[in-house]
Amino acid sequence: MKDKLTRKNIILGLLICFLPLLMYGIDDIVDFLSRYDIYLGWPGGEYMLRIIVRAGVYMLLAVGLNIVCGFTGLLDLGYVCFYLIGGYTAGILMARLGVSYWIALPLAVLHGTVWGLLRGAPTLRLTGDYFAIVTFGFAELFFRIIRNEQWLVGAPNGQLRGIPAPTFFGITFNQNWHNYYHILILLTLVIFITYRLQHSRVGRAWVAIREDEQAAESMGINVSRYKSLAFAVSAAIGALGGGFIAQFQVSISVPFFDFWESILILCMVVLGGMGSIRGAMIGAAILGSLGEVLRPGFIIPYQFGNARYLIFGIILILLMRFRPSGLSLKKA
Amino acid sequence: MAQLLEQFINGLVLGGIYALIAVGYTMVYGIIQLINFAHGEIFMFGAYLALMLITVFNIPFWIALPASMLLCALLGMLIDLVAYRPLRDAPRLSALITAIGISLVLQNLARMIWSARPRLFPTETLPAFLVSEVNMQTGEILNAIPLPGGGILPYRDVFILLLAVVLMIGLNRLIYLTKIGKAMRACAQNRVASNLMGIKTNQVIAVTFAIGSALGAIAGIMVGLSENITPTMGYYKGVAAFAAAVLGGIGNITGAMLGGIIIGLAEVFGAGYISSGYRLAIAYIIMIAVIVIRPSGLFGKSTGTRA
Chain A
247 MKDKLTRKNI ILGLLICFLP LLMYGIDDIV DFLSRYDIYL GWPGGEYMLR IIVRAGVYML
307 LAVGLNIVCG FTGLLDLGYV CFYLIGGYTA GILMARLGVS YWIALPLAVL HGTVWGLLRG
367 APTLRLTGDY FAIVTFGFAE LFFRIIRNEQ WLVGAPNGQL RGIPAPTFFG ITFNQNWHNY
427 YHILILLTLV IFITYRLQHS RVGRAWVAIR EDEQAAESMG INVSRYKSLA FAVSAAIGAL
487 GGGFIAQFQV SISVPFFDFW ESILILCMVV LGGMGSIRGA MIGAAILGSL GEVLRPGFII
547 PYQFGNARYL IFGIILILLM RFRPSGLSLK KA
Chain B
95 MAQLLEQFIN GLVLGGIYAL IAVGYTMVYG IIQLINFAHG EIFMFGAYLA LMLITVFNIP
155 FWIALPASML LCALLGMLID LVAYRPLRDA PRLSALITAI GISLVLQNLA RMIWSARPRL
215 FPTETLPAFL VSEVNMQTGE ILNAIPLPGG GILPYRDVFI LLLAVVLMIG LNRLIYLTKI
275 GKAMRACAQN RVASNLMGIK TNQVIAVTFA IGSALGAIAG IMVGLSENIT PTMGYYKGVA
335 AFAAAVLGGI GNITGAMLGG IIIGLAEVFG AGYISSGYRL AIAYIIMIAV IVIRPSGLFG
395 KSTGTRA
């Protein structure tokens, strides 16, 4: 995937760069048509942008989870715990201690990384199912700590409200299009780093560990070190997403970070094809927007609740049965 | 002291229920090395199916109980047939992800069919001795044994414990004394070799799923006798029961029974004396500690790191 300035890529690039303009432009067109009594089912540019930003966060998380699940081949069932750590670290620092976002975000990432390493250390020699169970247990513990320790968050159930928007020389970044470019920059950075890692000595070591840990070790790869690195990078990306979502959502609470969120991100990675950055992003884009469409009250009646998870479950089962390599072209 | 005794009994009862569920996890893991995430959901379905049989079809409790077990056994076998059997030779991760997918589907299906509203068995449909109460005016205790110090031991709890013990002994006899039990043990040792010896492994696995699911269903009904039935109960209780299976050494049936009792006691005492908010966290902590320190569990043979 060298730099290819094909027409398709240029158009895609321009589209990504000017997406908010396009959204607001469609708003104007819809507005104009409505004067002539022509109504399109357009939910509004601001709403669309919010969905796109949220899908962007999912892309970030999917790329992060892909490092552990896809590259090193370990099933992480508790990825959401880094998302939670990032979100609450940044949120508490900003809303309760008045720290600037530009300091809170790196601190959140650092905090997430530390926990990634701490969680990783005892699990280094575990593989497969046992690793999955430990990650799951860790996420549930963090979930419960945030829910129960009121002194930490200041409200029951982890309700953290009034997280201020970041400011930069007097400009407050609270518009949806601000957040769009914000997540775009973060995502670009993360993809650049993971892409470089994947195609470096480190990435090859990860894949070697995935294919055969013992063989990798006997070829001189320091398995513990490379696994720890994978845990740290993955955790850092998760915490970055959390830090961003804290200021984007303004208020966060624990249901936002429950076990099913981990499963949703896993589902994205699996759908896109484990081990592929592009796949993870496509999976996140599809399920992120599908999740929005299938939210209760839109197509699915309210009383069915989170029926979208039913569909995600079916997707997981069918994929594993008929196409374990996901949407990517690589045959697994 | 009276409270201690009461807590102890509560812990035992909860432990008995966990043991019943944990056996389902451990038997399946022992044979096909799969963490059957859907098992907790089968347990939840057991409670809901019994509730539906009783309230919608007006079937008496004593018939609804085995009927629900049978339906859940069929459900377990169906899941194995449709989802797990095609993946027998696929990478282990695929089967695990499929199990999570099935768990998602079943849990949300339950939510769609029965709504998320917590439910209880209507007391008038239950056998009289399972409904114990203390008459506040007369101080008369119905269907319960008074404990020294003022607490009561409901017949219901005695019933749950006895049932759990009887089922456990029955399962133990089944595994060690019958032909199918022998086949199951053989499959757990080496599935390919068992197949070569003429054991129909797929049938044995189906029977394992059926037994585990039936025991899970009965555990679900037992929980429904004293607690609310909700679509998420399978998830919460399932994880605690899984912790019990891990604690006892996964694949080890006797270990799962003892693990269930230990987790049940730890949960009740932890909730009573540490913090009720961390009720389930105790099971998670035990589970993580066991996996990290001694992956083969308390009673399992030390086999190093199980892949």
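The listed protein sequences derive, respectively, from chains A and B.
Here the numbering used here is used: the first residue of the first sequence is 247, the next is one more, and so on.
Here the numbering used here is used: the first residue of the second sequence is 95, the next is one more, and so on.
Every residue gets a Cβ at the ideal spot worked out from N, C-alpha and C, and that includes glycine.
Listing by chain order, which chain A residues have their CB less than 8 Å from the CB of I355 of chain B?
Residues of chain A passing the Cβ test: none, with the nearest at roughly 20 Å.
Would E218 of chain B be called buried (16 or more neighbouring beta carbons within 10 Å of its own) or exposed?
Exposed is the call here.
Less than 8 Å between the C-beta atoms of G140 of chain B and A311 of chain B, yes or no?
Yes, these two residues count as a Cβ contact at 8 Å.
What is the DSSP secondary structure of P352 of chain A, counted as helix, strand or coil?
It is helical.
Check the DSSP bridge columns for P248 of chain B and list the partner residues they point to.
Bridge partners of P248 of chain B: B:A238.
Taking DSSP as the reference, what is the three-state secondary structure of K577 of chain A?
Summary for K577 of chain A: the model assigns pLDDT 46, below 50, so the residue's position carries little reliability, and this model does not support an answer.
Sort B:L271, B:A287, B:L265 and B:N322 by Cα distance to I305 of chain B and report the nearest one.
With distances taken between Cα atoms, I305 of chain B lies closest to B:L265.
Starting from F503 of chain A, find everything on chain B with Cβ-Cβ shorter than 7 Å and list it in chain order.
None at all; the shortest Cβ gap to chain B is about 15 Å.
Please determine, among A:I437, A:G319 and A:L267, the residue with the shortest C-alpha to C-alpha distance to Y472 of chain A.
Taking only the C-alpha atoms, the option nearest Y472 of chain A is A:G319.
For the stretch 193-221 of chain B, list every residue whose C-beta sits within 7 Å of some C-beta in chain A, in sequence order.
Within the stretch 193-221 of chain B, the qualifying residues are I194, G195, I196, L198, V199, N202, L203, R205, M206, S209 and A210.
Under the rule that 16 or more other beta-carbon atoms within 10 Å means buried, what is V176 of chain B, buried or exposed?
When all chains shown are included, V176 of chain B counts as exposed.
Over the uninterrupted alpha helix (DSSP H) stretch that includes E218 of chain B, give me the two end residues.
Premise fails: E218 of chain B is in no alpha helix (DSSP H) and is neither H nor E.
I need the DSSP call for R211 of chain B, collapsed to helix, strand or coil.
R211 of chain B: coil per DSSP, three-state reduction.
Output, in chain order, the set of chain B residues within a Cβ distance shorter than 9 Å of P412 of chain A.
Going along chain B, no residue has its Cβ under 9 Å from P412 of chain A, so there is no contact; the nearest lies around 33 Å.
To the nearest angstrom, report how far apart G318 of chain B and I376 of chain B are at their CA atoms.
Going from the Cα of G318 of chain B to the Cα of I376 of chain B covers about 22 Å.
Can you check whether the CB of S307 of chain B is closer than 8 Å to the CB of L169 of chain B?
Cβ distance < 8 Å, so L169 of chain B and S307 of chain B count as in contact.
Under a CB-based cut-off of 8 Å, is Y441 of chain A close to chain B?
With 8 Å as the cut-off, Y441 of chain A does not count as an interface residue toward chain B.
In chain order, what are the residue ranges of uninterrupted alpha helix (DSSP H) at least 4 long that sit wholly in the stretch 272-343 of chain B?
List check, alpha helix (DSSP H) in window: 273-283, 285-290, 295-320 and 327-341.
Is it buried or exposed for T397 of chain B, if we count other Cβ within 10 angstroms and need 16 for buried?
With a pLDDT of 45 at T397 of chain B, under the threshold of 50, the modelled position of that residue is not reliable, and the figure given next carries that caveat. Exposed.
Could you give the distance in angstroms between the alpha-carbon of G559 of chain A and the alpha-carbon of F494 of chain A?
Straight-line Cα distance between these residues: approximately 28 Å.
Give the residues of chain B in contact with E538 of chain A, contact being defined as C-beta atoms less than 7 Å apart.
Near E538 of chain A there are no residues of chain B at all, since even the closest Cβ is about 17 Å away, more than 7 Å.
Taking the beta carbon of W156 of chain B as the centre, do at least 16 other beta carbons fall within 10 Å, making it buried, or is it exposed?
So W156 of chain B counts as exposed.
Can you find the residues in the same chain that come closer than 7 Å, C-beta to C-beta, to M171 of chain B, ignoring five residues on each side of it along the sequence?
Answer for M171 of chain B: A300, F303 and A304, listed in chain order.
Is it buried or exposed, Y555 of chain A, if we count other Cβ atoms within 10 angstroms and call 16 or more buried?
Buried: at least 16 other Cβ atoms inside 10 Å.
Assuming S535 of chain A and I297 of chain A make a contact with CB atoms under 8 Å, what is their CB distance in whole Å?
Indeed they touch by this definition, with Cβ atoms about 6 Å apart.
Flag this pair as yes or no: are the beta carbons of G342 of chain B and G391 of chain B separated by less than 8 Å?
Their beta carbons are under 8 Å apart, which means G342 of chain B touches G391 of chain B by this criterion.
Please confirm if S307 of chain B has its CB atom under 8 Å from at least one CB of chain A.
Answer no: the Cβ-Cβ gap between S307 of chain B and chain A never drops below 8 Å.
Any idea what DSSP makes of L406 of chain A, helix, strand or coil?
Looking at L406 of chain A - three-state DSSP - the assignment turns out to be strand.
Quick one: which residues of the stretch 346-378 of chain B get their C-beta closer than 8 Å to a C-beta of chain A? List them in chain order.
Cβ contacts with chain A: S369, G371, Y372, L374, A375 and Y378.
Which residues, taken in chain order from the stretch 159-177 of chain B, show a beta carbon closer than 7 Å to some beta carbon of chain A?
Listed by position along the chain: A177.
Quickly, what does DSSP pair F414 of chain A with across the bridge? List them, please.
Note: F414 of chain A sits in a beta bridge opposite A:I417.
Helix, strand or coil: which one does DSSP assign to I153 of chain B?
Coil.
Consult DSSP for I129 of chain B and reduce its assignment to one of helix, strand or coil.
If DSSP states are grouped into helix, strand and coil, I129 of chain B belongs with coil.
Hey, quick one: how far does the alpha helix (DSSP H) through S370 of chain B stretch, first residue to last?
Element bounds for S370 of chain B: n/a, residue is neither H nor E.
Within 8 Å (strictly less), CB to CB, does I509 of chain A reach chain B?
Yes, I509 of chain A counts as interfacial toward chain B.
Mind checking the stretch 433-462 of chain A against chain B and listing, in chain order, the residues whose C-beta falls within less than 8 Å of any C-beta there?
Answer set for the stretch 433-462 of chain A: empty.
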